[in-house]
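S.K.:
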Amino acid sequence: MTSHPQKVFSLKELADLTGSELKGEESIQINNVAPLMSATSGQISFVSNPKYRKQLESTKASAVILSKKLAQGYQGNVLINDDPYLTFAKIIRAFHQREKPTAHIHSTAVIAENAVIGTNVNIEANVVIESGVTIGSDSEIKSGTVIGENTQIDSNALIAANVSIYSKTRIGKNVIIHSGAVIGSDGFGFAPQKDKSWYKILQIGNVEIGNDVEIGANTTIDRAALGSTIIGNGVKLDNQIQIGHNVKLGDKTIIAASSGIAGSTSIGKYCQIGGTVAIAGHLEIADNVVITGRSMVIGSIKKPGVYSSGVTADENRKWRRNAARFRSLDEMAKKLKQLEKKLESKNK
Amino acid sequence: MTSHPQKVFSLKELADLTGSELKGEESIQINNVAPLMSATSGQISFVSNPKYRKQLESTKASAVILSKKLAQGYQGNVLINDDPYLTFAKIIRAFHQREKPTAHIHSTAVIAENAVIGTNVNIEANVVIESGVTIGSDSEIKSGTVIGENTQIDSNALIAANVSIYSKTRIGKNVIIHSGAVIGSDGFGFAPQKDKSWYKILQIGNVEIGNDVEIGANTTIDRAALGSTIIGNGVKLDNQIQIGHNVKLGDKTIIAASSGIAGSTSIGKYCQIGGTVAIAGHLEIADNVVITGRSMVIGSIKKPGVYSSGVTADENRKWRRNAARFRSLDEMAKKLKQLEKKLESKNK
Amino acid sequence: MTSHPQKVFSLKELADLTGSELKGEESIQINNVAPLMSATSGQISFVSNPKYRKQLESTKASAVILSKKLAQGYQGNVLINDDPYLTFAKIIRAFHQREKPTAHIHSTAVIAENAVIGTNVNIEANVVIESGVTIGSDSEIKSGTVIGENTQIDSNALIAANVSIYSKTRIGKNVIIHSGAVIGSDGFGFAPQKDKSWYKILQIGNVEIGNDVEIGANTTIDRAALGSTIIGNGVKLDNQIQIGHNVKLGDKTIIAASSGIAGSTSIGKYCQIGGTVAIAGHLEIADNVVITGRSMVIGSIKKPGVYSSGVTADENRKWRRNAARFRSLDEMAKKLKQLEKKLESKNK
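Structure representation (structure tokens):
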């Protein structure tokens, strides 16, 4: 996870690597990336938002990635690309991609005899791998992580420190899971009894995670009651997200931090869900739905589009008055109707 | 926590076990539970919601649990019970109940010499049990969990991997705590000083958890400043809940994921609190209060009933306009009153 | 973290220690602190809120800390001080301050050969300290915590159990980090690609934490994409807070539980942010801003003051009607304007 940027590329090499057009000095040596305003000689930066055009003139970066439009009239070294942000991301990776782990199993790791560990796997200190687990090749499991019975993790996983993965979980290729995440904990299922106590519904399902998924720090994904909680291919989950039992997340859906999806809700593909969004249980959200931050969703959404809720912060003394009025909004609406009627009847 | 469903029951045995009336073939062999639509031969399922009645006709389950009413006219094998959901939960348990742990202390567990470990306790790899701790019989402590000084845990606990329990905690019988939960961390108490720095109020109290409590993954419960934070008997807490210092939760209260209860608030018995609810500090919530998901509670609630707040998601362009109007709601209300007056004065 | 209150002070000693005026018996022996109503002989308590004045008469505490005003007419032993709460906090510390750890490194700790461990450091079981790490003197690292490569922690740190600190983090003096906290996980940065997949922006920055900071249980602080996520001196963060990449928190700002600050937002000094507040990304919040609990902030705040949002809980059946009306608030406002016009035109 650490980076040792000792690599150097010529600007030509970076152009080739990213399919960009090069304007300027081909052979200039680039040794790292940096933000526009703090970049120094030897570094490359980018601008995608036209409002930063001005800063372009004063940057000390040796080269900048720009769109065709922004590049017009710029005198410095440029990589021209339709998508400067994505191009920058690729160049960051060129300099900072973590190296494949060297195959090593730390002496303090506790690994069940029947676990199957692929080639070129790095397992760090105090990792616990229980009976029946499979770890794919080129994977890295950081210190203190616990992987429960019969869980299968495919190749090229990066599981950070102190992750907890319960039994029977299925994890695809190229998955990243950050520290403190919990995968496969019991769903929240209880049947009420006559004495008002709650009878636990044993959660006998599991969690299935596709390929190319990233899961943020302290995010929790519950196992299904029956069947599977499903995280599609290419899903990206930020920190502190809660995914209830039997939820389904469609491919390439992305969710920002601290959001929660209650049990049995199904979310489509290519959705973008903001931070601290709350989505109730047993709903269906269509493909290509965008839900802005802090929204509260209590009904299914059948059409693609942008959806929102929430009330934004205001000066406290104004908010108090408005929030108080909210509590008689229905009454206000009725009065308004009465007034309309009265006025109409007069006009007759 | 894993299940090895190798058990087989006759339908008669399941009827006896759950006090259900049997209609159909007594001797049919049932080997597992399943959802109605994916069930196959040998499996039992249930329907409690009349809207799934239709699916009943096409299920391949060998038997179904139904209410008397839903059972009318159904030709397959049935267990008839007033509460099909609870009956199903009991049958899940019959098949999947975890076995009592075999007494075993993993060689890598670090256990203080003066800790008292009951009979038939399973302590897994890298568990740390500090000085003065007591662990009751039939308990299971999964890998990587740390239990602080002088904490007492009663019998039949199931503490999942990577749980952190601070010192002096008291935990009752039959308690389940999921991975990543933190019990007994410092309450958030600081006194302001003249230089605007914050002086830490040492949190010298503890957390007391009753019997039959379940605590979800990554839930946090702070220790009291003085005295105890109290979680009553039979309380069920979902994932990522935050319980502040000196909070009291009454018996059999249930809270869904990602909710937070601020310091010194007292919640009654038999309350049901939805997900992502925020309850301010120093409040009193009566017994039998239901608070729906995403509500914001800033005043005490003295009467049982259902309470709610929040604004639900709408198309973004409509929401923008409505949310903007919220900021002048008080003004609108005043104008409305003026109009009413004007109209009245004319009518005189 | 545990306390063994065996200390005894005379009331005179406590007066001297806290700069308080003493009224009553100087030599009376005090052996602990307690809340007013549960205090017994030998204990000291405090009242700062005048509404508890009445309870003062029936307390069994041997002494009470009071403001000058509240002390008037009180017959018992008193410490008089402008700030009874702060004074009480100081006296709690006199009795319960944790002792400096005894230098000890547990045999199960895994410490890289090139790590630099200061004097008088206590490292508990199963701690993992990676290559290039520095731990300052008088620090305590509890069991199961993992500290990534090249991280530097200054003196007098208290890192609780099962904390995860990623590589290259910088942590100042006197910092407390509670269990389950994750420092330095990847920020949530992805560039969209034409096939709707998300291209990970490698997060190559770090987290820098000032002096005298406290970080609550299961709080997460992401590393910067480029540069640093910065937590100022004296900042206090409660549990389950999410701090996005490249956020800056000014000195002595305090944030209550379960709040989230999205990426690149900058918060000033001396701010007080309530629980479950959501602040969007790329904003600037001025110094001395107070944001009340559950607020949603989507614009920069340039003036000090108190800001709020949210709609408070109501009886469900009333809330349903009001929340439904919110969805046509804009329409209501327009109708109101029409009515006003009509009425005006009539008056002409």
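Chains as they are written, first to last, in the numbering used here: chain A, -3 to 344; chain B, -3 to 344; chain C, -3 to 344.
Think of the CB as a built atom: it goes at the ideal place given N, C-alpha and C, for glycine as much as any other residue.
#1: Give the interface partners of V307(C) over in chain B, defined as CB-CB distance under 8 Å, in chain order.
#2: Could one say the Cβ of R89(C) lies closer than 8 Å to chain B's Cβ atoms, at least one of them?
#3: Checking contacts by CB at 8 Å: is K3(C) closer than that to chain A?
#4: What whole-angstrom Cβ distance do A309(B) and S255(A) have, given they're in contact under 8 Å?
#5: Would K342(A) be called buried (16 or more neighbouring beta carbons within 10 Å of its own) or exposed?
#6: At the 8 Å Cβ level, is Y195(C) part of the contact set with chain A, yes or no?
#7: Using alpha carbons as the reference points, say which of R316(B), S304(B) and V302(B) lies closest to V307(A).
#8: Taking the straight line between their C-alpha atoms, what separation do you get for F84(A) and L222(A)?
#9: Would you say Q236(B) reaches chain C, if we count a Cβ-Cβ gap shorter than 8 Å as a contact?
#10: Taking beta-carbon pairs under 9 Å, can you tell me which members of the stretch 17 to 40 of chain A lie near chain B?
#11: Report the rounded CA-to-CA distance for L62(B) versus N207(B), giving the unit in angstroms.
#12: Identify, in the order they occur along the chain, each residue of the same chain with its Cβ nearer than 7 Å to the Cβ of Q25(A), setting aside the five sequence neighbours on each side.
#13: Would you say the beta carbon of G144(B) comes nearer than 7 Å to a heavy atom of the ligand NAP?
#14: Using DSSP with H/G/I as helix, E/B as strand and the rest coil, what is H278(B)?
#15: Could you name the residues that DSSP lists as bridge partners for V142(C)?
#16: Please report whether the beta-carbon of S341(C) lies at a distance below 8 Å from any beta-carbon of chain A.
#17: Taking only beta-carbon atoms, is I250(B) less than 8 Å away from chain A?
#18: Check the Cβ-Cβ distances between F42(A) and every residue of chain C, and say whether any is below 8 Å.
#19: Taking C-beta pairs closer than 9 Å, name the residues in chain A that R219(B) reaches, listed in chain order.
#20: Quick check on K333(C): buried or exposed, where buried means 16 or more other Cβ atoms within 10 Å of its Cβ?
#21: By the 7 Å beta-carbon criterion, what residues does the stretch 253 to 281 of chain B contribute toward chain C?
#22: Using only the alpha-carbon positions, how far apart do N202(A) and T147(A) sit?
#23: Suppose you measure from the CA of Q93(B) to the CA of D182(A); what does that come to, to the nearest Å?
#24: For the beta strand (DSSP E) holding K8(A), just list the boundary residues, first then last.
#25: Starting from T98(A), find everything on chain C with Cβ-Cβ shorter than 9 Å and list it in chain order.
#26: Just to confirm, is the Cβ distance from G180(C) to Y162(C) under 8 Å?
#27: Answer with yes or no whether the minimum CB distance from S296(C) to chain A is below 8 Å.
#28: Per DSSP, L245(C) forms a beta bridge with which residues?
#29: Is any beta-carbon of chain B found at less than 8 Å from that of R323(C)?
#30: DSSP three-state label for E53(A), please.
#31: Could one say the Cβ of S(-1)(C) lies closer than 8 Å to chain B's Cβ atoms, at least one of them?
#32: Using a C-beta cutoff of 8 Å, does K232(B) count as contacting chain A?
#33: Taking Cβ positions only, does S139(B) come closer than 8 Å to chain C?
#34: Could you check what DSSP says for R323(A) in three-state terms: helix, strand or coil?
#35: List, in chain order, every chain C residue whose beta-carbon is nearer than 9 Å to that of D150(A).
#36: Among T272(C), T261(C) and I287(C), which has the Cα closest to the Cα of E280(C)?
M.R.: Result, derived from the coordinates:
#1: Here residue 307(C) refers to the residue found at position 311 of the third sequence. Those within 8 Å of V307(C) in chain B are M292, S305, G306 and V307.
#2: Here residue 89(C) refers to the residue found at position 93 of the third sequence. With 8 Å as the cut-off, R89(C) counts as an interface residue toward chain B.
#3: As a working note, residue 3(C) is residue 7 in the third sequence. Cβ-Cβ to chain A under 8 Å: no for K3(C).
#4: Locating residue 309(B) in the second sequence gives position 313, counting from the first residue. Locating residue 255(A) in the first sequence gives position 259, counting from the first residue. The Cβ separation is near 13 Å, so there is no contact.
#5: Locating residue 342(A) in the first sequence gives position 346, where the first residue counts as 1. It counts as exposed.
#6: As a working note, residue 195(C) is residue 199 in the third sequence. Yes, because at least one Cβ of chain A sits closer than 8 Å to the Cβ of Y195(C).
#7: Working through the first sequence from its first residue, we reach residue 307(A) at position 311. Ranked by how close their Cα comes to the Cα of V307(A), the residues R316(B), S304(B) and V302(B) have R316(B) in first place.
#8: As a position in the first sequence, residue 84(A) is number 88, starting the count at 1. As a position in the first sequence, residue 222(A) is number 226, starting the count at 1. Cα to Cα, F84(A) sits roughly 44 Å from L222(A).
#9: Your numbering for residue 236(B) matches position 240 in the second sequence. Interface residue, yes.
#10: none
#11: Within the second sequence, numbered from 1, the residue matching residue 62(B) stands at position 66. Within the second sequence, numbered from 1, the residue matching residue 207(B) stands at position 211. If I take the Cα positions, the gap works out to 32 Å.
#12: On the first sequence, residue 25(A) is found 29 positions in, with the first residue counted as 1. Contacts found: V4, S6 and G38.
#13: With respect to the ligand NAP, the structure offers nothing, as it holds no ligand at all.
#14: To locate residue 278(B), count along the second sequence from 1; it is residue 282. Residue state, collapsed to three classes: coil.
#15: For this step, residue 142(C) is matched to residue 146 along the third sequence. By DSSP's assignment, V142(C) forms a beta bridge with V124(C) and S160(C).
#16: Reading the third sequence from its first residue, position 345 is the one you call residue 341(C). Taking Cβ atoms only, chain A never reaches closer than 8 Å to S341(C), which makes this a no.
#17: Taking the first residue of the second sequence as position 1, residue 250(B) is located at position 254. I250(B) counts as touching chain A.
#18: Position 46 of the first sequence, counted from the start, is the residue given in the question as residue 42(A). Taking Cβ atoms only, chain C never reaches closer than 8 Å to F42(A), which makes this a no.
#19: As a first step, residue 219(B) must be located in the second sequence, where it is residue number 223. None at all; the shortest Cβ gap to chain A is about 20 Å.
#20: Here residue 333(C) refers to the residue found at position 337 of the third sequence. The residue in question, K333(C), is exposed, as its Cβ has fewer than 16 Cβ neighbours within 10 Å.
#21: Of all residues in the stretch 253 to 281 of chain B, only G256, A258, A274 and A276 come within less than 7 Å of chain C when Cβ atoms are compared, listed by chain position.
#22: On the first sequence, residue 202(A) is found 206 positions in, with the first residue counted as 1. On the first sequence, residue 147(A) is found 151 positions in, with the first residue counted as 1. Distance between the alpha carbons of N202(A) and T147(A) is about 10 Å.
#23: On the second sequence, residue 93(B) is found 97 positions in, with the first residue counted as 1. On the first sequence, residue 182(A) is found 186 positions in, with the first residue counted as 1. Using only the alpha carbons, I get a separation of about 14 Å.
#24: Sequence index remark: in the first sequence, residue 8(A) carries index 12 (1-based). It is not in any beta strand (DSSP E) - K8(A) instead sits in the alpha helix (DSSP H) that spans L7 to T14.
#25: Against the first sequence, residue 98(A) aligns to sequence position 102. Under the 9 Å cutoff, chain C gives no residues; its nearest Cβ is about 14 Å from T98(A).
#26: Working through the third sequence from its first residue, we reach residue 180(C) at position 184. Working through the third sequence from its first residue, we reach residue 162(C) at position 166. G180(C) places its beta carbon less than 8 Å from that of Y162(C).
#27: On the third sequence, residue 296(C) is found 300 positions in, with the first residue counted as 1. By this cut-off, S296(C) is not an interface position.
#28: Stepping through the third sequence from its first residue, residue 245(C) is reached at position 249. DSSP output for L245(C) lists I227(C) and I263(C) as bridge partner(s).
#29: As a first step, residue 323(C) is located in the third sequence; it is residue number 327 there, counting from the start. Flagged as an interface residue toward chain B: R323(C), by a C-beta distance shorter than 8 Å.
#30: Stepping through the first sequence from its first residue, residue 53(A) is reached at position 57. Note: E53(A) maps to helix in three-state DSSP.
#31: To locate residue -1(C), count along the third sequence from 1; it is residue 3. Here S(-1)(C) scores only 44 on pLDDT, less than 50, and its place in the model should not be relied on; the value that follows carries that caveat. Taking Cβ atoms only, chain B reaches closer than 8 Å to S(-1)(C), which makes this a yes.
#32: Along the second sequence, one-based indexing puts residue 232(B) at 236. At least one chain A Cβ lies under 8 Å of K232(B).
#33: Taking the second sequence and counting its residues from 1, the one referred to as residue 139(B) is at position 143. So no, S139(B) is outside the interface.
#34: In the first sequence, residue 323(A) corresponds to position 327, counting from 1. In this structure, R323(A) counts as coil in the three-state DSSP scheme.
#35: Numbered from its first residue, the first sequence carries residue 150(A) at position 154. When 9 Å is used as the limit between beta carbons, D150(A) is near no residue of chain C, the shortest such separation being about 17 Å.
#36: Numbered from 1 along the third sequence, position 284 holds the residue referred to as residue 280(C). For the residues T272(C), T261(C) and I287(C), the minimum Cα distance to E280(C) belongs to T261(C).
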